[in-house]
Amino acid sequence: MRLAYLASPRTGSRYKYHAMFSRVADVSVTDDPSGFDGAVVFGDRGTEWRRCVDARVPFVLVENDVATLRVPKLDDTNEREMHLHARAVLYPSEAMRDYCLSRYRVRHAEVVHLRPLARDLDFTPREKQPRTLVYAGGIRDTGGGRGRGYGYRLYHGIFASAIAAGGRVVE
Numbered sequence: 174m175r176l177a178y179l180a181s182p183r184t185g186s187r188y189k190y191h192a193m194f195s196r197v198a199d200v201s202v203t204d205d206p207s208g209f210d211g212a213v214v215f216g217d218r219g220t221e222w223r224r225c226v227d228a229r230v231p232f233v234l235v236e237n238d239v240a241t242l243r244v245p246k247l248d249d250t251n252e253r254e255m256h257l258h259a260r261a262v263l264y265p266s267e268a269m270r271d272y273c274l275s276r277y278r279v280r281h282a283e284v285v286h287l288r289p290l291a292r293d294l295d296f297t298p299r300e301k302q303p304r305t306l307v308y309a310g311g312i313r314d315t316g317g318g319r320g321r322g323y324g325y326r327l328y329h330g331i332f333a334s335a336i337a338a339g340g341r342v343v344e
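For the sequence shown, my numbering assigns the number 174 to the initial residue and increments by one for each residue that follows.
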């Protein structure tokens, strides 16, 4: 089976899903799903899934970021259409799956917990440091977290509080 992978498998979950699908299919990273048996598409408010619909290629939707969970009043037309057209949807948690199944019609849903790959577990853990907050991920200023004082990747205030209380923040 030949799968089109409509995402760059850099790091994080995209890397892990790329590795997972590569174990069972010939996976090619591409922008054009035409001529493939199927495709893997990431939700994240993207529109890559439309290329699959136009090319009549069935796709698996990997839904790691459901925007309406964070912003309930957001227009969910794109999210709804992605779920409607997907042959199957993979969610990272039962809570996200249940939320989407309560809102959208889904042909098939599965939960894939994003645990590290076995080869990534071969390391010597570092000694634990007292009063240290370790963060792995991106940080960006989203302008006040849409009026809530917090938001996606907006952890500057949390980090400042941890430092003010005598802690350390390391990446």
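Every residue gets a Cβ at the ideal spot worked out from N, C-alpha and C, and that includes glycine.
How would you write the range of the alpha helix (DSSP H) that residue i sits in, first residue to last?
| i | result |
| --- | --- |
| R270 | 267-276 |
| E252 | 250-258 |
| A337 | 329-337 |
Find the nearest neighbour of residue i within the set the options, judged by alpha-carbon distance.
| i | options | result |
| --- | --- | --- |
| Q302 | G330, R341, A180 | R341 |
| V285 | S275, T297, V262, S195 | V262 |
| R223 | H281, R243, V200, T250 | T250 |
| P264 | E283, A338, E300 | Here residue 264 is Tyr; the residue named in the question, Pro, does not match the sequence. Measuring from the Cα of Y264, the nearest candidate turns out to be E283. |
Taking Cβ to Cβ, would you say residue i is nearer than 9 Å to residue j?
| i | j | result |
| --- | --- | --- |
| A212 | Y188 | no |
| Y258 | C273 | Residue identity check: residue 258 is His in the sequence provided, not Tyr. It is not a contact, given that the beta carbons lie outside the stated cut-off. |
| T241 | L234 | no |
| D204 | R175 | no |
| V230 | E221 | no |
| A228 | P245 | no |
| G216 | V239 | yes |
| L306 | V279 | no |
| S195 | N237 | no |
| R304 | G339 | yes |
Taking residue i as part of the beta strand (DSSP E), name the residues at either end of that continuous run.
| i | result |
| --- | --- |
| V343 | 341-343 |
| L263 | 261-264 |
| V284 | 282-284 |
| R175 | 175-178 |
| V307 | 305-307 |
Cβ of residue i less than 9 Å from any chain B Cβ?
| i | result |
| --- | --- |
| V214 | Checking the listed chains, one finds no chain B in this structure; it contains a single protein chain. |
Can you give the beta carbon distance from residue i to residue j, rounded, assuming they're within the 8 Å contact cut?
| i | j | result |
| --- | --- | --- |
| Y277 | Y308 | In fact, because the Cβ distance is near 32 Å, the residues do not count as touching under 8 Å. |
| P182 | V202 | 6 Å |
| F232 | R253 | Contact flag wrong, Cβ pair sits at about 16 Å. |
- request: Report the residue ranges of all alpha helix (DSSP H) runs contained in full by the region 201-248; include only those spanning at least 4 residues, in chain order.
  value: 222-228, 240-243
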